[in-house]
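J.:
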Ligand code: NAD
Ligand code: AKB
């Protein structure tokens, strides 16, 4: 039976991924870890404080709980990383190194580590960006993700570590707030709509980016991790997408439910970052290798986001 450690479990993805893994593998086989563990997530019994940069603490945890798989979600995201480049590089790179080293030393069964569309830059083809193409990222976050991809492939080829990865697009969810990324506006816009307040957007109306609803992202992650190793042809990171979205598309979709919803545009440095990323992604290799298929398009996701946020009356932004 798999014994799973999730690092960064309290974040936007970790909150929902941990919940799903606990459902599939049983609470007793899950250890959720974070630098800042949440005070409530009662369904997870083992929620521990861990700094992924503390290799000894990580090693002790793996030994103590007889861990067989690690999902390392700990990172500093793109917008925050531009403010603290050295610290972001340290967490994003050395955190990954610690996990890969522990996986090698303890011969773990599998590792999951997420990359991002941020590996691409200005010189990348913007539409239907292929799996293999020019990747010259301009952000410290993108540089760390691209380097991370190369290290994952290296550890697989050199040491046989079964590391698997997805280049997530912007992820949209209602259970946990996003943590300092360029695509955070695509979540915030729904909170404002439900609060019946105008939304001020930090990218332009027509800035289009690849996005995905969180339940698709969580399902994709678990499906990739459960795929037979010999079906996987990419050991750096798989392109993946749901749909492409501009703020104006999201606003139009929201106005089906809130006709008076108003959006103002005040682009800042994050517009520049968003403009450097692809507008749409070709994920045919993921579809071929492990049967990836997205379920949510924009309208289906909007309906769920608005319904769930209204139900939980989360309108505090
Ligand atoms: P998040 O910021 O919401 O969560 C990251 C979590 O890591 C936080 O709970 C934080 O406390 C924790 N953390 C930070 N430093 C740590 C450390 N030193 N030790 C242990 N924990 C630490 O981020 P997220 O959106 O959940 O993203 C998770 C991963 O997925 C990241 O690698 C991110 O780059 C990647 N990703 C996310 C998106 C997205 O849209 N959310 C898109 C592409 C890639
Ligand atoms: C970010 O905006 O930093 C993330 C990502 C796409 O990697 N959401």
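In the numbering used here, the protein residues as written are 594 to 910. C-beta atoms are modelled at their ideal positions from N, C-alpha and C, and glycine is treated no differently.
(1) How about residue 870 and residue 710: are their beta carbons less than 8 Å apart?
(2) With the ligand AKB as the reference, list in chain order each residue whose Cβ lies under 7 Å from any of its heavy atoms.
(3) What are the start and end residues of the beta strand (DSSP E) that includes residue 742?
(4) What alpha helix (DSSP H) runs, 4 residues minimum, are completely inside the region 866–900?
(5) So which of 806, 795, 820 has the shortest CA-CA distance to residue 841?
(6) Specify, as a first and last residue, the run of the beta strand (DSSP E) that residue 758 falls within.
(7) Is it the case that the region 807–820 contacts the region 604–616, given that we only count it when at least three CB pairs across the two stretches are under 8 Å?
(8) So, using beta-carbon positions, are residue 845 and residue 803 closer together than 8 Å?
(9) Is residue 604 near the ligand NAD, going by C-beta to nearest heavy atom under 7 Å?
(10) By Cβ distance below 7 Å, which residues in the same chain neighbour residue 836 in space, the five residues on each side in sequence not counted?
(11) Check whether the Cβ of residue 707 sits closer than 7 Å to any heavy atom of the ligand NAD, and report yes or no.
(12) What do you reckon, is the C-beta of residue 629 under 7 Å from a heavy atom of the ligand NAD?
(13) Residue 760 and residue 831 look like a contact to me (Cβ under 8 Å); what is the Cβ gap, rounded to whole Å?
(14) Alpha carbon to alpha carbon, how far is residue 659 from residue 791?
(15) Can at least three beta-carbon pairs, one atom from the region 685–702 and one from the region 642–659, be found at a separation below 8 Å?
(16) Indicate, with yes or no, if the ligand NAD has a heavy atom lying under 7 Å from the CB of residue 876.
(17) Check whether the Cβ of residue 601 sits closer than 7 Å to any heavy atom of the ligand NAD, and report yes or no.
(18) When the Cβ atoms of the region 660–672 are set against those of the region 694–706, are three or more pairs found closer than 8 Å?
(19) Per DSSP, which one or two residues make a beta bridge with residue 722?
(20) Mapping the DSSP letters down to three states, classify residue 684 as helix, strand or coil.
T.: On the basis of the data shown:
(1) One thing to note: residue 870 has its Cβ within 8 Å of the Cβ of residue 710.
(2) Going by the Cβ distance cut-off, the answer is 670, 671, 672, 709, 710, 711, 734, 761, 762, 763, 764, 771, 774, 775, 776, 777.
(3) Bounds of any beta strand (DSSP E) do not take in residue 742; it lies within the alpha helix (DSSP H) bounded by 733–752.
(4) Within the region 866–900, the runs of alpha helix (DSSP H) that reach at least 4 residues and sit entirely inside it are, in chain order, 877–883.
(5) The shortest C-alpha separation from residue 841 is found at 795.
(6) According to the DSSP assignment, residue 758 belongs to no beta strand (DSSP E), since it is labelled neither H nor E.
(7) Contact holds: three or more Cβ-Cβ distances are below 8 Å.
(8) No, the pair does not count as a contact, with Cβ atoms beyond the cut-off.
(9) Residue 604 Cβ: within cutoff of the ligand NAD.
(10) Cβ neighbours of residue 836 beyond the five flanking positions: 804, 890, 891.
(11) Yes, the ligand NAD has a heavy atom inside 7 Å of this Cβ.
(12) Taking non-hydrogen atoms of the ligand NAD into account, the C-beta of residue 629 is found less than 7 Å away from one of them.
(13) A Cβ-Cβ distance of about 7 Å is found for the pair residue 760 and residue 831, placing them in contact under the 8 Å criterion.
(14) Rounded to the nearest angstrom, the two C-alpha atoms are 50 Å apart.
(15) Because the criterion of three Cβ pairs below 8 Å is met, the region 685–702 and the region 642–659 touch.
(16) Checking the Cβ of residue 876 against the ligand NAD gives no.
(17) Correct: residue 601 has its Cβ closer than 7 Å to the ligand NAD.
(18) Counting C-beta pairs closer than 8 Å gives three or more between the region 660–672 and the region 694–706, which meets the contact rule.
(19) Beta-bridge partners of residue 722 (DSSP): 874.
(20) The three-state reading of DSSP puts residue 684 in helix, counting H, G and I together.
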